[in-house]
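A.B. asks:
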Amino acid sequence: MPKNWTLKVDQYINANSNCIIATAYVDSFPSDLPLEPNIREPNLKSSTYRQIFDSLTSEPEKFFQRNNGIVLCVNKVKPKNKTELELEILQANEGGNDGIINGGHSVSAFEQARKFKYDLTQARVKVTIHIGLSEDEAKDIALASNTSAPVDARSKVNARGDYKFIKQFLAKLEMEEETKFRIAYYQNQSGAPKSPQCNVNHLIKLINCLDRNKYNPNKSKGKHPPVSNNPSLSDAERERLSKLLPLLPASLWIEQRLFKTIEEHITNPRKKGIIDLASIDPRKNTLLPDSRYSFGFSAPADIAMPIVAAYRVFLDEQYNWIIPFDEFAEDFLEHLWNNYYKKYLVSEKLAGNTVGSKICRNPVIWDNLYVSAQNYLNQQLLKMVGSNTKREELKLAN
1 MPKNWTLKVD
11 QYINANSNCI
21 IATAYVDSFP
31 SDLPLEPNIR
41 EPNLKSSTYR
51 QIFDSLTSEP
61 EKFFQRNNGI
71 VLCVNKVKPK
81 NKTELELEIL
91 QANEGGNDGI
101 INGGHSVSAF
111 EQARKFKYDL
121 TQARVKVTIH
131 IGLSEDEAKD
141 IALASNTSAP
151 VDARSKVNAR
161 GDYKFIKQFL
171 AKLEMEEETK
181 FRIAYYQNQS
191 GAPKSPQCNV
201 NHLIKLINCL
211 DRNKYNPNKS
221 KGKHPPVSNN
231 PSLSDAERER
241 LSKLLPLLPA
251 SLWIEQRLFK
261 TIEEHITNPR
271 KKGIIDLASI
281 DPRKNTLLPD
291 SRYSFGFSAP
301 ADIAMPIVAA
311 YRVFLDEQYN
321 WIIPFDEFAE
331 DFLEHLWNNY
341 YKKYLVSEKL
351 AGNTVGSKIC
361 RNPVIWDNLY
371 VSAQNYLNQQ
381 LLKMVGSNTK
391 REELKLAN
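Numbering (UniProt numbering), first residue to last: 1 to 398.
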């Protein structure tokens, strides 16, 4: 059922038939309005929030002139009298997209100031109330609203609904694998870890590494994925990524298995108390997207990318595995780790270097792992041919 909130105002005007502009009391402003149409959640540690809070609590009587105001979307507005407006808001499960479009930091500042007993009786705030907006219209206003701090590209992509195809795939995967994915789709998302591995763009990077058609080392350019921080999500890009999404479970497994391998290595070091791998910090933790996997050390967010990319050797043009994934995945990762990747991380540590995002800008690493993957695949195919030949000989003997 729709929920109702009362907004106490000094005055209000009808800007048009679907928009009301009001001067509202801060000391009674509803603090539990939904943030459904907002493109990010308030961050109480941000400079934006601190500036609003300081402005409100130091000179509340001047807050109206200093604040950009709050923008709301509601289903209906009913004036109760000259000083009160009743706001009817549809909840998300009713198909509504009502709530705070812009001004979440301000509303959080109101709540905190009241909590600490500041006198806000003189404080007012401008409120623009849009009535009956569609989801797309609300998002358009949210994206266009002026903000005192930049909104990250991921939040804008999410507000446009461009991550829907990923969300739907993960929802299905959660049911199939009986797990939960912790993914941050927008800025300051509550309940989502700040671990870079839990950023939605990290998932896109992982499956991007398996695009053997777009990133082919036999080409003169574009041999390996660029692993950009903010991948474009045009219609064509979403179509390409949709074809790659079925490979996401495999790419997540590769990352998880690499972290387990690193964990095993640093748990039983050659010299007690010494980590001989570059950029591995045992004082911090890492959370991976699948909530079943957490590790007591930190590693660069992109550390698994070249390993994941090496697996694309085993894919055909339709993104099917040439050899069943379960039959080679474990042994192949051990092959890459023992024959190359571990040695690389140890050598960087000895040289006093950190790797970080440099991993993704070093074509030598990607080339070496890819060549190693090709050699491994050829060996496996030769074994399979030899095994089939023996079977044929046995049949002939009988």
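The C-beta atom is built at its ideal place from N, Cα and C for all residues, glycine as well.
The structure displayed is predicted, hence computed values, not measured ones.
1. Sort T261, H224 and V308 by Cα distance to L252 and report the nearest one.
2. DSSP state of N199, grouped into three classes?
3. Below 8 Å on the Cβ atoms is my guess for residue 418 versus I266; work out the distance and round it to an integer in Å.
4. Tell me which residue opens and which closes the alpha helix (DSSP H) that P306 is part of.
5. Taking buried to mean at least 16 other C-beta atoms within 10 Å of its own C-beta, is S108 buried or exposed?
6. Can you list the beta strand (DSSP E) stretches of 3 or more residues lying completely in the stretch 4-87, in chain order?
7. Grouping DSSP H, G and I as helix and E and B as strand, with all else coil, what is E135?
8. Rounded to whole angstroms, what is the Cα-Cα separation between D10 and I20?
9. At what residues does the beta strand (DSSP E) containing G99 begin and finish?
10. Quick one, are the C-beta atoms of L333 and L258 less than 9 Å apart?
11. Quick one: which unbroken alpha helix (DSSP H) runs of 4-plus residues sit fully inside the stretch 150-201? Chain order, please.
12. What does D290 pair with, by DSSP beta-bridge criteria?
13. Would you call the stretch 151-162 in contact with the stretch 182-190, where contact means no fewer than 3 C-beta pairs closer than 8 Å?
14. Suppose you measure from the CA of V371 to the CA of V385; what does that come to, to the nearest Å?
15. I89: which of D140, W5, I254 and F165 sits nearest, CA to CA?
16. By alpha-carbon positions, which one of Q318, K260, N320 and H335 ends up nearest to S298?
17. Report yes or no: do three or more beta-carbon pairs, one from the stretch 307-324 and one from the stretch 244-251, lie closer than 8 Å?
C.D. replies: With the structure as the only source:
1. V308
2. strand
3. Because the chain in this structure spans residues 1 to 398, residue 418 falls outside the shown range and cannot be described.
4. M305 to A310
5. buried
6. 19-25, 70-74 and 76-81
7. helix
8. 13 Å
9. G99 to N102
10. yes
11. 153-159 and 164-177
12. F181
13. yes
14. 21 Å
15. W5
16. K260
17. yes
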